[in-house]
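Each residue of the sequence shown is one higher than the one before, starting from 2 at the first, in our numbering.
Structure first, then comments.
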Amino acid sequence: MKRLLLALSVPYVLSAHTLPELFTALKSHSQTRADDIAVQKAAVANSQATSKLYPKINLYGTYDHYTDPTGMLPVAPNDLLAMVKDQSVGQPFSTDIFRAGANFSMPIFVKSIYTMADKAEAMQKSAKAKKQINLLKNEALIVGSNANLTYLNELQRSLEMKEKSLLETQKTLQIKVDSGRAPESALYKIEDGLNQIAISKNSIALKKRQIISNVEAITGITLDAPIPMEESAEVQSGELASLKPLEEKIKATKLGIRAEKEKLYPSLIAHGNYNFSFANAYNNDDQVNEQYGKIGLFLNIPLLAMDQYDAVEKSGLEVRSDEIELEKMRDELTAKANMLQHSLPLLENSIALSQKSINNKQKLLEIAKVNYASGRLSTEEYLRYEDDVVDAKVKLYQSKAQKWQTLMQLAVIYANNIEEMVK
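This is how it looks when you write it as structure tokens:
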């Protein structure tokens, strides 16, 4: 019993890593960087939506060759009449015209632009919320994997203690078989027990490698041993915060419907142009240049736009689909959270009962060893006591691992800060 308590109190091979180190590595790993890019894309989309509210200004330059002399700009009839009478004046007509200038346009009232900007902002919030939930899921995976690794490590240690006990028994039994005081078949049963331990240890090694690989995939760190951890804060229940990404997405989709409807509203756009032209006049080859500009308002009133009505209907179906998905997820998460909350005290009770069971079965094993040594117990019965101790430890370690996994699932559902919950 003393040896068991000592073994359980020794650190897990003094792991070279810590949970904060794993959490920090997770935040800079490709898994998380992909979510960072999604947030940045949403930010750019938001910027694109709001940028439509600003003026668009363009500079341009052109050269045009015409088969016949063409006007460099519109000329008022009275001005043109005076030019025609005086051929010494370079007429603003030419076959080769160079132009340079600038134009601009700016929305004065386009209602859908403001709504699309609000939609882009909601999508950005959804991307940020999704990034946070994905981070929590991966942190929960780290903690849950570490709990499972601890469970397997302790199970392996229990098997090694059982193996050591059977090896000691095998030595004693070998002496009895050699002296004819015990049948040789008893040795085969002990050897089979040792073989079963070797098989179990091999299976544990494979499972540990899988867990270590899972952690390495999201952090880039290879665990060499389980990390000691303890609960530093309780789960804070309340709002199902893990639904926030979908809730924000639904808000954005609803804003998208409004924007599609608003595209059917009248729109008012300001526009203007400045043009500087120069060429050789067609009548006397003198160099002439002219300036020409305009500024105005453009009012557009959609009367019939069937494709827009279809776009509104399509957006409505998308919202309905997302709302049904949200309702489904809320029902599932509510039921799951209730189940997990009720499981916690049961798991804690199982841990306490398993610890008592280990103490009792360890004592029974010590008695069984004495009885087996004196010949009052068969080999099969003795091996059963050895198995009972290991089975009791398995239940204890499983309950502890399951408790950690339950806590992590609740932490993700309620979007708790896992880094504050575990140390």
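Where is the CB? At the ideal position from N, CA and C, for every residue including glycine.
Exercise for review: Please go through the region 239–302 and give each complete beta strand (DSSP E) segment of 3 or more residues, from N-terminal end onward.
Suggested key: Complete beta strand (DSSP E) runs here, min 3: 268–281 and 288–301.
Check your understanding: Does DSSP put histidine 30 in a helix, in a strand, or in coil?
Key -> Along the sequence shown, read from residue 1 onward, the residue named residue 30 stands at position 29. If DSSP states are grouped into helix, strand and coil, histidine 30 belongs with coil.
**Study point:** Sub-8 Å separation of glycine 91 and valine 289 beta-carbons
**Key:** In the sequence shown, counting from the first residue as 1, residue 91 sits at position 90. In the sequence shown, counting from the first residue as 1, residue 289 sits at position 288. Yes, these two residues count as a Cβ contact at 8 Å.
**Study point:** Where leucine 304 falls: helix, strand or coil (DSSP)
**Key:** If you number the sequence shown from 1, residue 304 lands on position 303. Reduced to three states, the DSSP call for leucine 304 is coil.
Review point. What do you get for phenylalanine 94, buried or exposed, if any count of 16 or more other CB atoms within 10 angstroms of its CB means buried?
Key: Counted from its first residue, the sequence shown places residue 94 at position 93. Counting Cβ neighbours within 10 Å, phenylalanine 94 comes out buried, since at least 16 surround it.
Check your understanding: According to the Cβ coordinates, are threonine 96 and proline 75 closer than 8 Å?
Key -> By one-based count along the sequence shown, residue 96 stands at place 95. By one-based count along the sequence shown, residue 75 stands at place 74. No, the pair does not count as a contact, with Cβ atoms beyond the cut-off.
Point to revise | Residue burial classification, serine 243 (beta-carbon count within 10 angstroms, cutoff 16) | key: Residue 243 sits at position 242 when you count from the first residue of the sequence shown. Taking all protein chains in view, the Cβ of serine 243 is crowded by 16 or more other Cβ atoms within 10 Å, so the residue is classified as buried.
Practice item. Taking glutamine 309 as the reference, give the member of Asn281, Ala103, Asn350 and Gly257 with the closest Cα. Key: Working through the sequence shown from its first residue, we reach residue 309 at position 308. Nearest C-alpha to glutamine 309: Gly257.
Check your understanding: Would a C-beta distance cut-off of 8 Å place leucine 137 and valine 413 closer than the cut-off?
Key -> The residue given as residue 137 occupies position 136 in the sequence shown. The residue given as residue 413 occupies position 412 in the sequence shown. Yes, they are a contact pair.
Exercise for review: Please state if the CB of glycine 102 and the CB of asparagine 274 are separated by a distance shorter than 8 Å.
Suggested key: Within the sequence shown, numbered from 1, the residue matching residue 274 stands at position 273. Within the sequence shown, numbered from 1, the residue matching residue 102 stands at position 101. Yes, Cβ-Cβ distance for asparagine 274 and glycine 102 is below 8 Å.
**Study point:** Identity of the residues DSSP links to proline 108 by a beta bridge
**Key:** Position 107 of the sequence shown, counting from 1, holds the residue named residue 108. DSSP output for proline 108 lists Ile270 as bridge partner(s).
Practice item. Take the Cβ of serine 379 as the centre, count every other Cβ of all protein chains shown within 10 Å, and call the residue buried at 16 or more, exposed below. Key: For the purposes of this step, residue 379 is taken as residue 378 along the sequence shown, with counting starting at 1. That one is exposed.
Exercise for review: State yes or no: is the C-beta of alanine 130 within less than 8 Å of the C-beta of lysine 252?
Suggested key: As a position in the sequence shown, residue 130 is number 129, starting the count at 1. As a position in the sequence shown, residue 252 is number 251, starting the count at 1. Not a contact, by the Cβ cut-off of 8 Å.
Exercise for review: Kindly indicate the opening and closing residues of the beta strand (DSSP E) around proline 184.
Suggested key: By 1-based counting over the sequence shown, the position of residue 184 is 183. Per DSSP, proline 184 belongs to no beta strand (DSSP E) and is neither H nor E.
**Study point:** Secondary structure of histidine 66, DSSP reduced to three states
**Key:** What you label residue 66 is simply residue 65 of the sequence shown in a count that begins at 1. In the structure shown, histidine 66 sits in a strand (DSSP, three-state: E or B).
Practice item. Tell me whether alanine 8 is buried or exposed, calling it buried when 16 or more other Cβ atoms sit within 10 Å of its Cβ. Key: As a first step, residue 8 must be located in the sequence shown, where it is residue number 7. Confidence at alanine 8 is low in this model, with a pLDDT of 37, below 50, so its placement is unreliable and the value that follows should be read with caution. So alanine 8 ends up on the exposed side.
Review point. Mind checking threonine 220: buried by the 16 CB within 10 Å criterion, or exposed?
Key: Taking the sequence shown and counting its residues from 1, one reaches residue 220 at position 219. Buried: at least 16 other Cβ atoms inside 10 Å.
**Study point:** Per-residue DSSP class, three states only, for glutamate 387
**Key:** Here the question's residue 387 lines up with position 386 in the sequence shown. DSSP places glutamate 387 in helix when its eight states are reduced to three.
**Study point:** Collapsed DSSP secondary structure at asparagine 418 in the structure displayed
**Key:** On the sequence shown, residue 418 is found 417 positions in, with the first residue counted as 1. Three-state DSSP puts asparagine 418 in coil, outside helix and strand.
Practice item. Let me know the secondary structure DSSP gives lysine 57 once reduced to three states. Key: Position 56 of the sequence shown holds residue 57. Strand.
Point to revise | Under 8 Å between C-beta atoms of glutamine 133 and tyrosine 415 | key: Indexing the sequence shown from 1 puts residue 133 at position 132. Indexing the sequence shown from 1 puts residue 415 at position 414. No, the Cβ-Cβ distance between glutamine 133 and tyrosine 415 is not below 8 Å.
Review point. Considering valine 76, what are the terminal residues of the alpha helix (DSSP H) in which it resides?
Key: Residue mapping note: residue 76 aligns to position 75 of the sequence shown, counting from 1. Unbroken run through valine 76: none, as it is neither H nor E.
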